[in-house]
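Colleague: Take this structure first; my questions come after.
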Amino acid sequence: MDKVFTVVMPLFAMIFAGYWIVRLEVIGTETVKGLVGVVFWLFLPCFIFIKTLGTREHGELDWALLGAYYLACLVTFMIAAVGGRLIWGGNARVAGLRGLTSISGVVGYMGLPLMVMAFGDEAALPTLMITMADNLVILAGGALIMELTEPREAQDKPDLVRVLLTTGKSIISNPLILAVALAALCIALQWQLPSPLQIFATQMTNATGPLALVALGAAFAVHRRQNLIKGDSLALALLKVVLLPVLVFVSARYGFGLSDFLVKIAVIMAALPVAVKVFFLASRYKTYETEVSSSMLLSAVMGIGVISGLLVVLD
Numbered sequence: 524m525d526k527v528f529t530v531v532m533p534l535f536a537m538i539f540a541g542y543w544i545v546r547l548e549v550i551g552t553e554t555v556k557g558l559v560g561v562v563f564w565l566f567l568p569c570f571i572f573i574k575t576l577g578t579r580e581h582g583e584l585d586w587a588l589l590g591a592y593y594l595a596c597l598v599t600f601m602i603a604a605v606g607g608r609l610i611w612g613g614n615a616r617v618a619g620l621r622g623l624t625s626i627s628g629v630v631g632y633m634g635l636p637l638m639v640m641a642f643g644d645e646a647a648l649p650t651l652m653i654t655m656a657d658n659l660v661i662l663a664g665g666a667l668i669m670e671l672t673e674p675r676e677a678q679d680k681p682d683l684v685r686v687l688l689t690t691g692k693s694i695i696s697n698p699l700i701l702a703v704a705l706a707a708l709c710i711a712l713q714w715q716l717p718s719p720l721q722i723f724a725t726q727m728t729n730a731t732g733p734l735a736l737v738a739l740g741a742a743f744a745v746h747r748r749q750n751l752i753k754g755d756s757l758a759l760a761l762l763k764v765v766l767l768p769v770l771v772f773v774s775a776r777y778g779f780g781l782s783d784f785l786v787k788i789a790v791i792m793a794a795l796p797v798a799v800k801v802f803f804l805a806s807r808y809k810t811y812e813t814e815v816s817s818s819m820l821l822s823a824v825m826g827i828g829v830i831s832g833l834l835v836v837l838d
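This is the structure:
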């Protein structure tokens with residue numbers, strides 16, 4: 524229970540601080556974009572780089588973790604995409620966005636700081652595995668879904684070569700993925716960082732958690748808040764923070780037989796609110812933006828209770 528007061532409450536307080544600093548017009552929309560960009564391109568890569576370097580002291584990769592996590596994600600995706608289309612309609616592109624909204628969480632801005640705050644550096648490796656996989660799902664899978672579901676009246680046949688090249692460029696230029704790749708190279712070659720670089724990266728890492736959480740709250744504040752209780756937005760938020768963690772628990776515990784520690788990490792990561800990057804994807808293709816934005820805000824509010832409850836039950 525103490526983790527609710529020592530981890531969850533301070534964490535969400537930082538998010539709400541970021542939210543209200545925008546709502547009270549202390550900073551504007553352009554400043555929020557800059558803040559989010561600084562975290563994404565500078566602070567989070569340093570955090571991920573240092574934490575990945577530290578994973579050599581905390582065991583080996585357990586690929587069953589991703590199997591358990593993404594089996595549950597696949598089931599949730601299908602429920603959101605197919606069920607949503609049957610109930611609320613929409614074309615294939617909308618169905619794809621519903622599916623992505625139901626499975627993609629704020630694993631970088633919130634998941635990494637939360638797991639390290641709650642469980643220490645031992646949680647870094649499994650958390651990083653899910654974080655990298657989630658980024659690949661959105662960067663690669665999300666882009667492919669959006670391109671392949673483009674209405675056929677706009678183009679007769681999707682240009683797969685162009686889609687694959689664009690997707691590949693997005694992946695190799697992603698700073699979070701590059702940070703993991705660079706750290707893995709350092710581990711493989713047994714390189715040690717020069718002291719100035721080590722101090723720089725460590726200091727950046729120490730500042731990442733609070734800054735990322737404030738940036739996340741600020742990002743939430745710039746999204747539209749109309750139609751928050753619209754049926755599909757509410758359903759997607761519930762699928763993300765309630766159904767997905769339940770399915771991940773069943774898959775991890777009974778399907779893949781993971782350790783209690785990995786089950787705990789996977790379930791709490793599954794309960795994170797809907798990721799901002801899904802909204803960016805919806806905005807890029809000008810599809811389903813309001814509903815995704817509403818789901819983000821609803822899932823963030825629900826996440827306070829769900830994550831608190833999970834930390835109490837699973838601790």
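Under the numbering used here, the sequence shown has 579 at position 56, and the numbering climbs by one with no breaks.
Beta carbons: idealized from backbone N, C-alpha and C, even for Gly.
Can you give me the Cβ contacts of I791 inside the same chain, cut-off strictly under 6 Å, excluding the 5 residues immediately before and after it?
Modeller: L833.
Colleague: Report the three-state DSSP secondary structure of G628 (helix, strand or coil).
Modeller: Here G628 sits in strand by DSSP.
Colleague: Between M669 and R616, what straight-line distance do the alpha-carbon atoms span, to the nearest angstrom?
Modeller: Their backbone Cα atoms lie some 6 Å apart in a straight line.
Colleague: Taking only three categories from DSSP, how would you classify V745?
Modeller: Coil.
Colleague: Do you know how far the Cα of P649 is from the Cα of D838?
Modeller: Going from the Cα of D838 to the Cα of P649 covers about 17 Å.
Colleague: Among the candidates D657, H746, K787 and F772, whose CA atom is the shortest distance from the CA of V815?
Modeller: Considering only alpha carbons, the answer is H746.
Colleague: So what does DSSP say about V839, is it helix, strand or coil?
Modeller: The structure shown has nothing for residue 839, since the chain only spans 524 to 838.
Colleague: Check for me: the alpha helix (DSSP H) holding L589 runs from which residue to which?
Modeller: Counting along the chain, the alpha helix (DSSP H) containing L589 begins and ends at A587 to M601.
Colleague: If V797 and T672 are in contact, beta carbons under 8 Å, what's the gap, nearest whole angstrom?
Modeller: Not a contact, Cβ separation roughly 20 Å.
Colleague: With distances taken from CA atoms, which of L589, I626 and G664 is nearest I602?
Modeller: Considering only alpha carbons, the answer is I626.
Colleague: Grouping DSSP H, G and I as helix and E and B as strand, with all else coil, what is Y808?
Modeller: Coil at Y808, not helix or strand.
Colleague: Under a three-way DSSP split, which group does Q726 fall into?
Modeller: Q726 falls in the helix class under three-state DSSP.
Colleague: Does DSSP put G780 in a helix, a strand or coil?
Modeller: In this structure, G780 counts as coil in the three-state DSSP scheme.
Colleague: Let me make sure I understand the geometry here. Which of A758, F784, G780 and A794 has the alpha-carbon closest to that of V769?
Modeller: Out of A758, F784, G780 and A794, A794 has the C-alpha closest to the C-alpha of V769.
Colleague: Measure the alpha-carbon distance for P733 versus L534 and round it to whole angstroms.
Modeller: Each residue's alpha carbon lies about 8 Å from the other.
Colleague: Beta-carbon separation of T690 and A666 under 8 Å?
Modeller: Taking 8 Å as the Cβ cut-off, T690 and A666 qualify as a contacting pair.
Colleague: Go ahead and label P717 buried or exposed: buried means 16 or more other beta carbons lie within 10 angstroms of its beta carbon, across all protein chains shown.
Modeller: P717 comes out exposed.
Colleague: Grab me the residues of C569's own chain with a C-beta within less than 6 Å of its C-beta, minus the 5 sequence neighbours each way, in chain order.
Modeller: Closer than 6 Å at the Cβ level, and outside the excluded window around C569, lie A724, M727 and T728.
Colleague: On the three-state DSSP scale, how would you describe T731?
Modeller: Correct three-state label for T731: helix.
Colleague: Leaving aside the five residues before and after F779 along the sequence, list all residues of the same chain whose C-beta is less than 7 Å from its C-beta, in chain order.
Modeller: Excluding sequence neighbours, F779 sits near A587, G590 and A591.
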